[in-house]
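So in UniProt numbering, spot 21 of the sequence shown is number 21, and the numbers just go up one at a time. The beta carbon of each residue, even a glycine, is placed where N, CA and C say it ideally should be. All remarks here apply to the structure that follows.
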Amino acid sequence: MSEPPVVAGVVLAAGAGTRFGMPKVLAAEGDWLKTAVRSLVEGGCAHVVVVLGAAVVDVPQPAQAVVATDWSDGLSASLRAGVGAAARTGADLIVFRLVDTPDIGGDVIARVAAAAGESGLARATYDGRPGHPVVIARRHWPELLRVVHGDEGAKPFLRGRTDVVAVECGDLATGADIDVSP
């Protein structure tokens, strides 16, 4: 019997949050960040990385911070920094999670990570709408890094693929990505 995959969680939290009015890593007095890290730990991630940029803050344990110095280039810079940090942990899978999806808990993380299976690719959906988290296995990282650019994350990599397992999570969360301050 083979060993279960080592899973690393990556919180993408480097942006300036221009439409939000501040870097989202600072939102709710840091509670969004705490929630993101906790969800990844509770969801079974052996390692958690928080990608910072516009604001550099202390990250909750057991997460480790990595700073995307080129964060202003867009989401792709954060993704690259997160993949690099996760690769150094020896992870087999990465669960990518945005800091600005505060209602996603460990139950969503665990469900989507477990579904990656043979394809090594899974993505949460909410009432059929694609969202986060997104799980990508190590064997796909080179192609992912080749195709991401600018302010797009994994979307160019995922677009048109038929091997991404869609995992309905609308019974657990809304998956709402909060772009503007309430």
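Residue burial annotation: ALA77 is buried, with at least 16 other C-beta atoms found within 10 angstroms of its C-beta. Bridge pairing for GLU168: THR125 [DSSP]. Counting only residues of its own chain and dropping the five nearest sequence neighbours on each side, PRO60 has a CB closer than 6 Å to the CB of LYS34, VAL37. Pairing ALA14 with ALA46 gives a Cβ-Cβ distance that is not under 8 Å.
Separation of PRO142 and ASP107 (C-alpha to C-alpha, rounded to the nearest whole angstrom) is 28 Å.
Excluding the 5 residues flanking it on each side, GLU42 has same chain C-beta neighbours closer than 6 Å at GLY106, in chain order.
Within the UniProt domain "MobA-like NTP transferase" (9-160), the complete beta strand (DSSP E) segments of 3 residues or longer fall at 47-52, 64-67, 93-98, 121-126, 129-137, listed in chain order. The three-state reading of DSSP puts VAL7 in strand, counting E and B together.
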